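In the numbering used here, the protein residues as written are 12 to 384.
Pasting the structure below:
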(Lines of atoms letter the chains of each structure in order from A and count residues from 1; the text may use other names and numbers.)
(Lines give C-alpha, C1' and ligand atoms only; values in the text may rest on other atoms or scores of the structure.)
Protein backbone atom coordinates (compact mmCIF):
# COMPACT_ATOMS: atom_id res chain seq x y z
CA UNK A 1 0.00 0.00 0.00
CA UNK A 2 1.28 3.47 -0.88
CA UNK A 3 2.66 5.49 2.03
CA UNK A 4 0.67 8.66 2.61
CA UNK A 5 1.99 11.81 4.21
CA UNK A 6 -0.20 14.37 5.95
CA UNK A 7 0.97 17.92 6.60
CA UNK A 8 -0.99 19.93 9.17
CA UNK A 9 0.08 23.55 9.45
CA UNK A 10 -1.48 26.98 9.21
CA UNK A 11 -1.02 29.88 6.86
CA UNK A 12 -0.54 33.33 8.35
CA UNK A 13 -3.79 34.63 9.78
CA UNK A 14 -5.49 31.23 9.89
CA UNK A 15 -6.17 30.24 13.50
CA UNK A 16 -7.48 26.69 13.24
CA UNK A 17 -8.89 24.01 11.02
CA UNK A 18 -12.31 24.78 9.66
CA UNK A 19 -15.03 22.36 10.76
CA UNK A 20 -15.32 21.08 7.21
CA UNK A 21 -11.59 20.41 6.88
CA UNK A 22 -11.46 18.73 10.28
CA UNK A 23 -14.45 16.50 9.55
CA UNK A 24 -12.99 15.37 6.23
CA UNK A 25 -9.69 14.38 7.84
CA UNK A 26 -11.29 12.73 10.90
CA UNK A 27 -13.64 10.64 8.76
CA UNK A 28 -11.00 9.71 6.20
CA UNK A 29 -10.12 5.99 6.11
CA UNK A 30 -6.71 6.59 4.61
CA UNK A 31 -3.81 4.79 6.28
CA UNK A 32 -1.67 7.84 6.78
CA UNK A 33 1.87 6.92 7.86
CA UNK A 34 3.73 10.24 8.04
CA UNK A 35 2.53 13.49 9.57
CA UNK A 36 4.05 16.95 9.99
CA UNK A 37 2.35 19.27 12.49
CA UNK A 38 3.62 22.82 12.78
CA UNK A 39 2.80 26.48 13.45
CA UNK A 40 -0.44 25.88 15.39
CA UNK A 41 -0.87 25.69 19.14
CA UNK A 42 -4.48 26.38 20.03
CA UNK A 43 -6.62 23.36 19.28
CA UNK A 44 -4.61 20.23 20.09
CA UNK A 45 -7.87 18.27 20.16
CA UNK A 46 -8.18 18.82 16.40
CA UNK A 47 -4.88 17.07 15.85
CA UNK A 48 -5.75 14.28 18.26
CA UNK A 49 -9.05 13.52 16.49
CA UNK A 50 -7.29 13.39 13.14
CA UNK A 51 -4.50 11.12 14.36
CA UNK A 52 -6.31 8.63 16.58
CA UNK A 53 -8.61 6.63 14.20
CA UNK A 54 -7.66 2.94 14.14
CA UNK A 55 -7.05 3.01 10.39
CA UNK A 56 -4.03 5.27 10.91
CA UNK A 57 -0.61 3.66 10.84
CA UNK A 58 1.76 6.39 11.94
CA UNK A 59 5.43 5.62 11.26
CA UNK A 60 7.04 9.05 11.19
CA UNK A 61 5.71 11.99 13.21
CA UNK A 62 7.15 15.52 13.18
CA UNK A 63 5.84 18.17 15.58
CA UNK A 64 7.40 21.61 15.21
CA UNK A 65 6.99 25.16 16.51
CA UNK A 66 4.05 24.66 18.85
CA UNK A 67 3.11 26.07 22.24
CA UNK A 68 1.35 23.62 24.58
CA UNK A 69 -0.72 24.78 27.54
CA UNK A 70 0.39 21.77 29.58
CA UNK A 71 2.37 18.55 29.47
CA UNK A 72 -0.97 16.77 29.31
CA UNK A 73 -1.54 18.20 25.83
CA UNK A 74 1.79 16.79 24.68
CA UNK A 75 0.94 13.39 26.15
CA UNK A 76 -2.54 13.50 24.62
CA UNK A 77 -1.09 14.06 21.15
CA UNK A 78 1.66 11.45 21.46
CA UNK A 79 -0.72 8.77 22.76
CA UNK A 80 -2.41 8.71 19.37
CA UNK A 81 0.77 7.41 17.73
CA UNK A 82 2.74 5.72 20.52
CA UNK A 83 2.00 2.13 19.47
CA UNK A 84 3.14 2.44 15.84
CA UNK A 85 5.57 5.35 15.51
CA UNK A 86 9.12 4.47 14.43
CA UNK A 87 10.56 7.96 13.96
CA UNK A 88 9.58 10.91 16.16
CA UNK A 89 10.83 14.49 15.87
CA UNK A 90 9.95 17.23 18.35
CA UNK A 91 11.41 20.61 17.45
CA UNK A 92 10.96 24.11 18.89
CA UNK A 93 8.21 23.33 21.40
CA UNK A 94 7.22 25.32 24.47
CA UNK A 95 5.25 23.68 27.30
CA UNK A 96 3.81 26.04 29.92
CA UNK A 97 3.40 23.62 32.85
CA UNK A 98 3.89 19.99 33.91
CA UNK A 99 0.24 19.19 34.59
CA UNK A 100 -0.68 15.82 33.11
CA UNK A 101 2.89 14.64 32.53
CA UNK A 102 3.04 10.87 31.96
CA UNK A 103 5.61 8.31 30.92
CA UNK A 104 4.47 6.60 27.72
CA UNK A 105 5.46 3.34 26.05
CA UNK A 106 6.76 3.47 22.49
CA UNK A 107 7.27 -0.21 21.62
CA UNK A 108 8.42 0.43 18.02
CA UNK A 109 10.24 3.75 18.38
CA UNK A 110 13.75 3.56 16.90
CA UNK A 111 14.61 7.19 16.19
CA UNK A 112 13.95 10.09 18.57
CA UNK A 113 14.96 13.70 17.96
CA UNK A 114 14.22 16.46 20.48
CA UNK A 115 15.54 19.93 19.81
CA UNK A 116 15.02 23.33 21.44
CA UNK A 117 12.19 22.35 23.79
CA UNK A 118 11.31 24.55 26.75
CA UNK A 119 9.45 22.66 29.48
CA UNK A 120 8.83 24.66 32.65
CA UNK A 121 9.19 22.82 35.98
CA UNK A 122 9.62 19.43 34.30
CA UNK A 123 11.50 17.54 31.62
CA UNK A 124 9.98 16.35 28.36
CA UNK A 125 12.47 13.47 28.56
CA UNK A 126 10.30 11.94 31.32
CA UNK A 127 7.79 10.92 28.63
CA UNK A 128 10.38 8.67 26.96
CA UNK A 129 12.12 6.93 29.87
CA UNK A 130 10.35 3.63 29.05
CA UNK A 131 11.76 3.50 25.51
CA UNK A 132 13.97 0.45 25.04
CA UNK A 133 14.42 0.01 21.29
CA UNK A 134 16.04 3.30 20.29
CA UNK A 135 18.77 3.12 17.67
CA UNK A 136 19.08 6.88 17.10
CA UNK A 137 18.84 9.59 19.76
CA UNK A 138 19.31 13.32 19.18
CA UNK A 139 18.86 15.85 21.99
CA UNK A 140 19.79 19.45 21.18
CA UNK A 141 19.20 21.84 24.04
CA UNK A 142 21.06 24.20 26.32
CA UNK A 143 19.18 22.87 29.33
CA UNK A 144 21.28 20.99 31.86
CA UNK A 145 18.73 20.97 34.67
CA UNK A 146 19.09 18.15 37.17
CA UNK A 147 15.75 16.52 36.31
CA UNK A 148 16.50 16.55 32.59
CA UNK A 149 19.92 15.00 33.18
CA UNK A 150 18.39 12.22 35.28
CA UNK A 151 15.80 11.42 32.59
CA UNK A 152 18.36 11.38 29.79
CA UNK A 153 20.61 9.06 31.79
CA UNK A 154 17.68 6.67 32.23
CA UNK A 155 16.98 6.71 28.49
CA UNK A 156 20.63 6.01 27.67
CA UNK A 157 20.87 3.14 30.15
CA UNK A 158 17.64 1.54 28.85
CA UNK A 159 18.68 1.47 25.19
CA UNK A 160 21.48 -0.99 24.57
CA UNK A 161 20.88 -0.99 20.80
CA UNK A 162 21.72 2.70 20.38
CA UNK A 163 23.91 3.30 17.31
CA UNK A 164 23.60 7.05 16.75
CA UNK A 165 23.92 9.64 19.54
CA UNK A 166 23.90 13.42 19.10
CA UNK A 167 23.97 15.94 21.96
CA UNK A 168 25.39 19.34 22.83
CA UNK A 169 28.77 19.45 24.51
CA UNK A 170 27.16 21.07 27.56
CA UNK A 171 24.78 18.14 27.99
CA UNK A 172 27.53 15.59 27.46
CA UNK A 173 29.64 17.26 30.12
CA UNK A 174 26.80 16.91 32.63
CA UNK A 175 25.55 13.44 31.67
CA UNK A 176 28.71 11.42 31.09
CA UNK A 177 30.24 11.76 34.53
CA UNK A 178 32.39 9.17 36.31
CA UNK A 179 29.34 7.25 37.54
CA UNK A 180 27.73 6.95 34.10
CA UNK A 181 28.14 3.58 32.37
CA UNK A 182 26.38 2.40 29.20
CA UNK A 183 26.23 -0.85 27.25
CA UNK A 184 25.43 0.43 23.76
CA UNK A 185 27.98 0.40 20.92
CA UNK A 186 27.82 3.56 18.84
CA UNK A 187 28.85 3.82 15.22
CA UNK A 188 28.00 7.56 15.14
CA UNK A 189 28.74 10.13 17.85
CA UNK A 190 28.04 13.84 17.32
CA UNK A 191 28.78 16.59 19.84
CA UNK A 192 27.67 20.10 18.90
CA UNK A 193 28.05 23.48 20.55
CA UNK A 194 24.90 25.28 21.70
CA UNK A 195 24.37 28.98 20.88
CA UNK A 196 28.13 29.41 20.34
CA UNK A 197 28.90 28.66 23.97
CA UNK A 198 32.60 27.92 24.58
CA UNK A 199 33.57 24.22 24.42
CA UNK A 200 34.04 22.72 27.87
CA UNK A 201 34.41 19.03 27.17
CA UNK A 202 37.21 16.57 26.61
CA UNK A 203 35.62 13.63 24.78
CA UNK A 204 38.43 11.20 25.51
CA UNK A 205 36.46 9.05 27.98
CA UNK A 206 33.53 8.63 25.55
CA UNK A 207 35.82 7.85 22.61
CA UNK A 208 37.66 5.24 24.66
CA UNK A 209 34.36 3.62 25.61
CA UNK A 210 33.26 3.43 21.95
CA UNK A 211 36.72 3.05 20.40
CA UNK A 212 36.22 -0.23 18.53
CA UNK A 213 32.87 0.67 16.96
CA UNK A 214 32.90 4.31 15.86
CA UNK A 215 32.59 4.94 12.12
CA UNK A 216 31.39 8.55 12.22
CA UNK A 217 32.68 11.12 14.71
CA UNK A 218 31.85 14.83 14.86
CA UNK A 219 32.94 17.07 17.75
CA UNK A 220 32.80 20.82 18.17
CA UNK A 221 36.38 21.09 19.42
CA UNK A 222 39.49 19.25 20.56
CA UNK A 223 41.76 20.90 23.10
CA UNK A 224 43.86 17.97 24.32
CA UNK A 225 46.69 16.52 22.16
CA UNK A 226 46.14 13.03 23.59
CA UNK A 227 42.47 13.12 22.59
CA UNK A 228 43.40 14.09 19.03
CA UNK A 229 45.95 11.28 18.88
CA UNK A 230 43.33 8.84 20.13
CA UNK A 231 40.82 9.93 17.46
CA UNK A 232 43.25 9.09 14.66
CA UNK A 233 43.77 5.61 16.08
CA UNK A 234 40.07 4.63 15.87
CA UNK A 235 40.27 1.53 13.63
CA UNK A 236 36.91 1.74 11.81
CA UNK A 237 36.55 5.52 11.55
CA UNK A 238 35.28 6.57 8.09
CA UNK A 239 34.03 10.12 8.60
CA UNK A 240 35.60 12.72 10.93
CA UNK A 241 34.43 16.30 11.54
CA UNK A 242 36.10 18.69 13.99
CA UNK A 243 34.96 22.25 14.61
CA UNK A 244 38.25 23.65 15.88
CA UNK A 245 41.48 22.40 17.41
CA UNK A 246 43.52 24.21 20.04
CA UNK A 247 46.81 23.99 18.17
CA UNK A 248 48.61 26.19 20.71
CA UNK A 249 48.87 23.21 23.06
CA UNK A 250 50.09 20.75 20.43
CA UNK A 251 53.53 19.91 19.14
CA UNK A 252 53.59 20.11 15.35
CA UNK A 253 55.54 17.08 14.22
CA UNK A 254 54.63 14.43 11.71
CA UNK A 255 54.58 11.96 14.58
CA UNK A 256 51.72 13.76 16.31
CA UNK A 257 49.01 11.76 14.51
CA UNK A 258 48.95 8.12 13.49
CA UNK A 259 48.25 7.40 9.84
CA UNK A 260 44.65 6.25 9.51
CA UNK A 261 43.85 4.69 6.14
CA UNK A 262 40.22 4.05 7.01
CA UNK A 263 39.24 7.76 7.13
CA UNK A 264 37.61 8.72 3.82
CA UNK A 265 35.86 11.96 4.81
CA UNK A 266 37.36 14.83 6.83
CA UNK A 267 35.90 18.17 7.87
CA UNK A 268 37.88 20.80 9.76
CA UNK A 269 36.19 24.16 10.35
CA UNK A 270 38.80 26.18 12.24
CA UNK A 271 39.07 29.72 10.81
CA UNK A 272 42.82 29.90 11.45
CA UNK A 273 44.50 26.96 9.76
CA UNK A 274 48.11 26.63 10.90
CA UNK A 275 50.15 25.45 7.91
CA UNK A 276 52.32 22.97 9.82
CA UNK A 277 49.38 21.49 11.65
CA UNK A 278 47.44 21.17 8.39
CA UNK A 279 50.40 19.27 6.95
CA UNK A 280 50.25 16.91 9.90
CA UNK A 281 46.48 16.51 9.47
CA UNK A 282 46.68 15.81 5.74
CA UNK A 283 49.54 13.32 6.10
CA UNK A 284 47.45 11.28 8.55
CA UNK A 285 44.64 10.59 6.03
CA UNK A 286 46.25 9.33 2.78
CA UNK A 287 43.06 7.61 1.56
CA UNK A 288 40.84 10.68 1.94
CA UNK A 289 38.11 10.96 -0.71
CA UNK A 290 36.08 13.91 0.57
CA UNK A 291 37.39 17.02 2.37
CA UNK A 292 35.78 20.15 3.78
CA UNK A 293 37.77 23.06 5.23
CA UNK A 294 36.98 26.63 6.21
CA UNK A 295 39.83 28.10 4.17
CA UNK A 296 42.99 27.16 2.30
CA UNK A 297 45.94 29.07 0.92
CA UNK A 298 47.94 28.48 -2.25
CA UNK A 299 50.72 26.60 -0.41
CA UNK A 300 48.30 24.38 1.49
CA UNK A 301 46.35 23.59 -1.67
CA UNK A 302 49.51 22.44 -3.44
CA UNK A 303 50.65 20.37 -0.46
CA UNK A 304 47.25 18.68 -0.23
CA UNK A 305 47.37 17.89 -3.94
CA UNK A 306 50.69 16.09 -3.55
CA UNK A 307 49.45 14.10 -0.54
CA UNK A 308 45.79 13.33 -1.24
CA UNK A 309 45.89 11.35 -4.47
CA UNK A 310 42.47 9.76 -3.86
CA UNK A 311 40.54 13.01 -3.21
CA UNK A 312 37.29 13.15 -5.22
CA UNK A 313 35.36 16.02 -3.59
CA UNK A 314 36.51 19.29 -2.02
CA UNK A 315 34.40 21.93 -0.26
CA UNK A 316 35.83 25.24 1.00
CA UNK A 317 34.46 28.41 2.54
CA UNK A 318 37.29 30.40 0.98
CA UNK A 319 40.38 29.83 -1.16
CA UNK A 320 43.15 32.34 -1.88
CA UNK A 321 45.24 31.36 -4.91
CA UNK A 322 47.84 32.95 -7.18
CA UNK A 323 48.72 30.14 -9.56
CA UNK A 324 47.08 26.76 -10.09
CA UNK A 325 48.33 25.96 -13.57
CA UNK A 326 49.41 22.38 -12.94
CA UNK A 327 47.12 19.77 -14.44
CA UNK A 328 48.35 17.28 -11.85
CA UNK A 329 46.31 18.99 -9.16
CA UNK A 330 44.10 16.34 -7.47
CA UNK A 331 44.08 13.78 -10.31
CA UNK A 332 40.82 12.12 -9.19
CA UNK A 333 38.91 15.27 -8.21
CA UNK A 334 35.31 15.18 -9.50
CA UNK A 335 33.49 17.83 -7.47
CA UNK A 336 34.53 21.22 -6.09
CA UNK A 337 32.49 23.77 -4.15
CA UNK A 338 34.05 27.05 -3.01
CA UNK A 339 32.00 29.88 -1.53
CA UNK A 340 34.66 32.59 -1.98
CA UNK A 341 37.59 32.27 -4.40
CA UNK A 342 40.21 35.01 -4.30
CA UNK A 343 42.48 34.66 -7.34
CA UNK A 344 45.48 36.77 -8.27
CA UNK A 345 45.71 36.09 -12.01
CA UNK A 346 49.24 36.74 -13.26
CA UNK A 347 49.87 37.44 -16.96
CA UNK A 348 51.36 34.01 -17.60
CA UNK A 349 48.10 32.42 -16.41
CA UNK A 350 46.08 34.11 -19.14
CA UNK A 351 47.57 31.76 -21.74
CA UNK A 352 46.40 28.64 -19.91
CA UNK A 353 43.87 26.67 -22.03
CA UNK A 354 40.39 27.07 -20.51
CA UNK A 355 39.21 23.50 -20.73
CA UNK A 356 37.45 21.31 -18.17
CA UNK A 357 40.68 19.46 -17.43
CA UNK A 358 42.32 22.59 -16.09
CA UNK A 359 42.04 22.83 -12.27
CA UNK A 360 41.70 26.63 -12.28
CA UNK A 361 38.77 26.42 -14.69
CA UNK A 362 37.11 23.85 -12.43
CA UNK A 363 37.56 26.12 -9.41
CA UNK A 364 36.25 29.21 -11.21
CA UNK A 365 33.26 27.32 -12.58
CA UNK A 366 32.16 25.97 -9.20
CA UNK A 367 32.86 29.01 -7.02
CA UNK A 368 29.99 30.98 -5.54
CA UNK A 369 31.74 34.34 -5.18
CA UNK A 370 34.95 35.21 -7.03
CA UNK A 371 37.41 37.98 -6.17
CA UNK A 372 39.94 38.67 -8.93
CA UNK A 373 42.93 40.62 -7.63
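Just so you know, even glycine gets a beta-carbon here, dropped at the ideal spot from N, CA and C. Source: prediction; values computed, not measured.
Closest Cα partner of residue i within the set the options
{"i": "residue 146", "options": "230, 196, 192", "result": "196"}
{"i": "residue 49", "options": "119, 173, 58", "result": "58"}
{"i": "residue 255", "options": "237, 232, 201, 194", "result": "232"}
{"i": "residue 111", "options": "100, 130, 120", "result": "130"}
{"i": "residue 56", "options": "286, 116, 89", "result": "89"}
{"i": "residue 91", "options": "242, 122, 45, 230", "result": "45"}
{"i": "residue 224", "options": "173, 238, 187, 253", "result": "173"}
{"i": "residue 9", "options": "96, 253, 41", "result": "Here the chain covers residues 12 to 384 and nothing more, so residue 9 does not appear."}
{"i": "residue 2", "options": "257, 259, 270, 258", "result": "Only positions 12 to 384 of the chain appear in the structure, and residue 2 is not among them; the question remains open."}
{"i": "residue 68", "options": "182, 85, 96, 75", "result": "96"}
{"i": "residue 85", "options": "122, 42, 121, 136", "result": "136"}
{"i": "residue 293", "options": "275, 283, 282", "result": "275"}
{"i": "residue 125", "options": "103, 170, 144", "result": "103"}
{"i": "residue 138", "options": "65, 190, 113", "result": "113"}
{"i": "residue 78", "options": "94, 128, 61, 63", "result": "128"}
{"i": "residue 188", "options": "156, 217, 171", "result": "217"}
{"i": "residue 190", "options": "157, 219, 164", "result": "164"}
{"i": "residue 107", "options": "283, 215, 82", "result": "82"}
{"i": "residue 65", "options": "94, 240, 284", "result": "94"}
{"i": "residue 249", "options": "157, 122, 105, 302", "result": "302"}
Whether residue i touches residue j by CB criterion (8 angstroms)
{"i": "residue 297", "j": "residue 318", "result": "yes"}
{"i": "residue 409", "j": "residue 71", "result": "One cannot answer for residue 409 here, as it falls past the ends of the chain, which runs 12 to 384."}
{"i": "residue 166", "j": "residue 149", "result": "no"}
{"i": "residue 162", "j": "residue 192", "result": "no"}
{"i": "residue 458", "j": "residue 74", "result": "No answer is possible for residue 458: the residues shown for the chain start at 12 and end at 384."}
{"i": "residue 152", "j": "residue 180", "result": "no"}
{"i": "residue 227", "j": "residue 198", "result": "yes"}
{"i": "residue 397", "j": "residue 273", "result": "Only positions 12 to 384 of the chain appear in the structure, and residue 397 is not among them; the question remains open."}
{"i": "residue 258", "j": "residue 288", "result": "yes"}
{"i": "residue 330", "j": "residue 344", "result": "no"}
{"i": "residue 307", "j": "residue 327", "result": "yes"}
{"i": "residue 268", "j": "residue 251", "result": "no"}
{"i": "residue 323", "j": "residue 348", "result": "no"}
{"i": "residue 120", "j": "residue 142", "result": "yes"}
Extent of the continuous alpha helix (DSSP H) to which residue i belongs
{"i": "residue 201", "result": "Looking at the DSSP string, residue 201 is not in any alpha helix (DSSP H); the run it does join, the beta strand (DSSP E), is 199 to 203."}
{"i": "residue 300", "result": "Note, residue 300: premise wrong, no alpha helix (DSSP H); not H, not E."}
{"i": "residue 185", "result": "180 to 186"}
{"i": "residue 82", "result": "82 to 90"}
{"i": "residue 234", "result": "Taken as a continuous stretch (DSSP letters only), residue 234 belongs to no alpha helix (DSSP H), as it is neither H nor E."}
{"i": "residue 162", "result": "157 to 169"}
Delimiting residues of the beta strand (DSSP E) encompassing residue i
{"i": "residue 124", "result": "122 to 130"}
{"i": "residue 257", "result": "Per DSSP, residue 257 belongs to no beta strand (DSSP E) and is neither H nor E."}
{"i": "residue 278", "result": "276 to 279"}
{"i": "residue 273", "result": "It is not in any beta strand (DSSP E) - residue 273 carries neither H nor E in the DSSP assignment."}
{"i": "residue 56", "result": "It is not in any beta strand (DSSP E) - residue 56 instead sits in the alpha helix (DSSP H) that spans 55 to 62."}
{"i": "residue 221", "result": "Careful: residue 221 lies outside any beta strand (DSSP E) and carries neither H nor E."}
{"i": "residue 49", "result": "43 to 49"}
{"i": "residue 309", "result": "Per DSSP, residue 309 belongs to no beta strand (DSSP E); it is in the alpha helix (DSSP H), 309 to 318."}
{"i": "residue 328", "result": "324 to 332"}
{"i": "residue 79", "result": "71 to 79"}
Cβ separation of residue i and residue j, assumed to be a contact under 8 angstroms, to the nearest whole Å
{"i": "residue 279", "j": "residue 304", "result": "5 angstroms"}
{"i": "residue 202", "j": "residue 229", "result": "7 angstroms"}
{"i": "residue 200", "j": "residue 182", "result": "The pair is not a contact, with the Cβ atoms about 13 angstroms apart (cut-off 8 angstroms)."}
{"i": "residue 311", "j": "residue 332", "result": "Not a contact, Cβ separation roughly 10 angstroms."}
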